Structures are given as C-alpha cells and as structure tokens.
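**Q** Note that my numbering has the sequence shown beginning at 46, numbered continuously upward.
For each residue, glycine too, the CB sits at the ideal point set by N, CA and C.
Keep in mind that this is a model prediction, so the values were computed, not measured.
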Amino acid sequence: MSESKRLEIPRDVHDQPLMVTLFTIGVCVGWLTNYLAMIQKSFQDKSYGMPLVALSCNIAYEMVYVLYPIDAPVWPIVFVLWLALNLVVCYTTLRFAPNEWVHAPLVQRNLLWIFVVSIACWMTAHLAFKAQLGPVLAAAWSAMFCQVFLSAASLWQLMVRGSSRGTSLFIWFSRFMGTAIVLPQEILRYKHKDPTVVWNNPMGWWGAAAFFVLDISYGILLWKILRSERTVAVKSGGKGRLESNKAE
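#1: May I have a chain-ordered list of the alpha helix (DSSP H) segments no shorter than 4 residues that lie completely inside the stretch 142–211?
#2: Starting from G223, follow the alpha helix (DSSP H) in both directions and report where the run begins and ends.
#3: Could you check the C-alpha separation between A173 and R275 for me, to the nearest Å?
#4: Do S199 and P62 have their C-beta atoms closer together than 8 Å?
#5: Output the distance between the C-alpha atoms of L271 and P240, rounded to the nearest integer angstrom.
#6: Quick one: is T66 buried, meaning 16 or more other Cβ sit within 10 Å of its Cβ, or exposed?
#7: Is the stretch 201–208 in contact with the stretch 71–81, if contact means three or more CB pairs nearer than 8 Å?
#8: Can you check whether the C-beta of L139 is within less than 8 Å of a C-beta belonging to chain B?
#9: Looking only at C-alpha atoms, which of L266, F221, W268 and V109 sits nearest to A170?
#10: Taking DSSP as the reference, what is the three-state secondary structure of I115?
#11: Looking at K39: is its Cβ nearer than 8 Å to the Cβ of Y263?
#12: Are the stretch 113–124 and the stretch 154–170 in contact at 8 Å, needing three or more beta carbon pairs?
#13: Measuring alpha carbon to alpha carbon, tell me which residue in T224, T138 and P229 is nearest M64.
#14: Let me check understanding here. Comparing Cα to Cα, which of L267, A225 and K236 lies closest to A254?
#15: What does the alpha-carbon distance come out to for the pair V111 and T78?
#16: Could you check how far apart the C-beta atoms of R210 and S92 are, in whole angstroms? I think they sit under 8 Å.
#17: CB-CB under 7 Å to I104, same chain, minus the five flanking residues each way: which ones, in chain order?
#18: Can you give the beta carbon distance from L139 to L156, rounded, assuming they're within the 8 Å contact cut?
#19: Is L195 closer than 8 Å to A129 when the C-beta atoms are compared?
#20: Is S273 buried or exposed, if buried means 16 or more other CB atoms sit within 10 Å of its CB?
#21: Looking only at C-alpha atoms, which of A149, I84, L178 and T212 sits nearest to L266?
#22: Would you tell me roughly how many angstroms separate the C-alpha atoms of S101 and S281, rounded to the nearest one?
#23: Could you check how far apart the C-beta atoms of M245 and Y235 are, in whole angstroms? I think they sit under 8 Å.
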C-alpha cells in the first residue's frame, strides 16, 4: 500500500505513542510556567505582560474547552489547569492595567467592561469554530489563532511601550517553548497517521511560520530593550556615585 493511501486510514485519537502524551505535558508545563512568571512579574513591576485583547481571547478559549471538554488524552485536565492559573493572570492584569492606561482615561475607567465584553465576544467565535469543525479540530485551529494573535499583539505592545515592564526573557522563553513543543508533537502525530493533525496544510504552515517569526522577533527586541535598560541603569548609577564622591 502506498504512503498516501496509508495516511488516509483514520486512526483513533486515543491510539497514540507515549511521546505524544509527554509532549502534551510539556506544552501544559510550559504555559503554566509562563502564567506563574507573569503573575510574579506583575506584582513586581505593578504592570501586566499579556495584551488585554489577546488575554481575553486566551481566557475565552480555555473557558470553552473546560465547559466542553475535547475527547483526547490529557487535554481536558490541561485546560482546567490553564484556566485556573490564567484567572489569576486576569486578576493581576485588571489590578495593574490602570497604571499603563493613564494616557487614555476612557480605557482606564472601563477596563473591566472592556475585558468582560471581549471575553464574551471571543467565546462566541470559539463556539462557532467548535460547531463548524467539531471540538478536536476546532480546539487545534483556535489554539493556532490564539497563539499567532498573542505573538503579534505582544510584539506590538513591546514596541509601543519600549520597556520591559511586565515581561522578561524567562516569560518570553516559557511561552515560546510552550508552543514550539507542538511542532515535534505534530510531526510525530502525523507519522502516526493521526487524523486530527492540523499543521500539515498551507494554513497550518503559515500559522507555524507566523508564530516563529513573530515570537523570535519579540525575543530579539526584548533582549535589545533589556540591554538598553541595563546600560542606562549603569550610567545613571555611575553618575550618581560620581556626584556623591564630589560632594564628599
């Protein structure tokens, strides 16, 4: 039988190698680490890291698949863990977001309503995807959209702020690895003839490429900003010590 014919044979989504499950756990741990790091950084900087609209899209995605669990190994537990910790991210975001919106009082005064309405709107989109494609495929495609949207929004926010407030290289790296692990997982699932693989098509290739380009660009820009901030801090500290010595 030819390779193309064998790839057409449907397989049970539960019939998968152990490594696929381990990759799933890796994705889960990567994002849980990211959420924990963002929470800690929010309290430290009195700011937030994940753009508001991207966060609302992410929360809506997790809510939908907690309310309507997909029939796939491990993933129902993963969504519950993600949502539980992401709600804390929401709390820190709403608590400290006003500090970043002093220049826009209308937004600053209505952050909660903006967030709630955004979540509701995104939930309708995720539910529509689920109704159109079925829960397993919709969860995969929605995850890709959420990630590309988050990568683009995060890069834009970093460029606008021009500051590392609310973020760090560790936060970026945990987010990047939490999604990058999906690539070898998808390759393994494809080789195992899993019918729910979504990256093996033009849209999937575009989504993967967009993620890597945007997120790697974010990491490079953040590194440059952090280096600039350290340089300024060293110069300011040196100037302060020089003036102190002169006074003595």
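**A** So, from the listed chains and residues:
#1: 150–154, 156–178 and 180–206
#2: L214 to A225
#3: 47 Å
#4: no
#5: 43 Å
#6: exposed
#7: no
#8: In the structure shown, chain B cannot be found, because there is only a single protein chain.
#9: V109
#10: coil
#11: This structure gives no information on residue 39, because the portion of the chain shown stretches from 46 to 293.
#12: no
#13: P229
#14: A225
#15: 20 Å
#16: 4 Å
#17: N131, C135 and I164
#18: 6 Å
#19: no
#20: exposed
#21: T212
#22: 38 Å
#23: Correcting the residue type first, residue 245 is Asn in the shown sequence and not Met. Right, their Cβ atoms sit about 5 Å apart.
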